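Peer 1: Numbering follows numbering that gives the first Met the number 0, in which position 57 of the sequence shown is assigned residue number 56; successive positions increment by one, without gaps.
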Amino acid sequence: MAQQVNEWLIALAVAFIRPLSLSLLLPLLKSGSLGAALLRNGVLMSLTFPILPIIYQQKIMMHIGKDYSWLGLVTGEVIIGFLIGFCAAVPFWAVDMAGFLLDTLRGATMGTIFNSTIEAETSLFGLLFS
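If you want it as structure tokens, here you go:
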């Protein structure tokens, strides 16, 4: 029983790597926009649970041994998560820049406010569009 629980926890850790690295770049999943890190982790767990049985069936735990072969798996998952997060965050950054451009063209660049979604100062129209 303890061995099976250990295997499920390892599968959960492997499955949680990609959504966690995705949330580092995606503005919607940052803890500032969701309110708390606990809520963000709950959302990430809800993204992880559907793929958990698939990862458990692949027996990734067999590849995790005493050597450092698991380091390649973790690195690959982090890179894939960053790439997905970057591609998903580009529209948010583009909309923010479009709003900033509109405010620059109308001469209202002094009016900036803090945008909690992207955790930076943004223009008024940039906040409106994001």
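The beta carbon of each residue, even a glycine, is placed where N, CA and C say it ideally should be.
The model shown is predicted, which means the values in this text are computed figures rather than measured ones.
At 4 residues or longer, what runs of the alpha helix (DSSP H) sit wholly inside the segment 29–87?
Peer 2: 30–33, 36–47, 51–56
Peer 1: Taking just the CA atoms, how far does F85 sit from A35?
Peer 2: So the alpha carbons of these two residues sit roughly 22 angstroms apart.
Peer 1: When you compare the segment 19–30 with the segment 71–87, are there three or more beta-carbon pairs, one atom per stretch, that lie closer than 8 angstroms?
Peer 2: yes
Peer 1: CA-CA distance, T103 and A97?
Peer 2: A direct Cα-to-Cα measurement between T103 and A97 gives close to 10 angstroms.
Peer 1: Could you give the DSSP three-state label for R17: helix, strand or coil?
Peer 2: helix
Peer 1: What do you get for A1, buried or exposed, if any count of 16 or more other CB atoms within 10 angstroms of its CB means buried?
Peer 2: exposed
Peer 1: Work out the CA separation of L8 and I54 for me, nearest whole Å.
Peer 2: About 11 angstroms.
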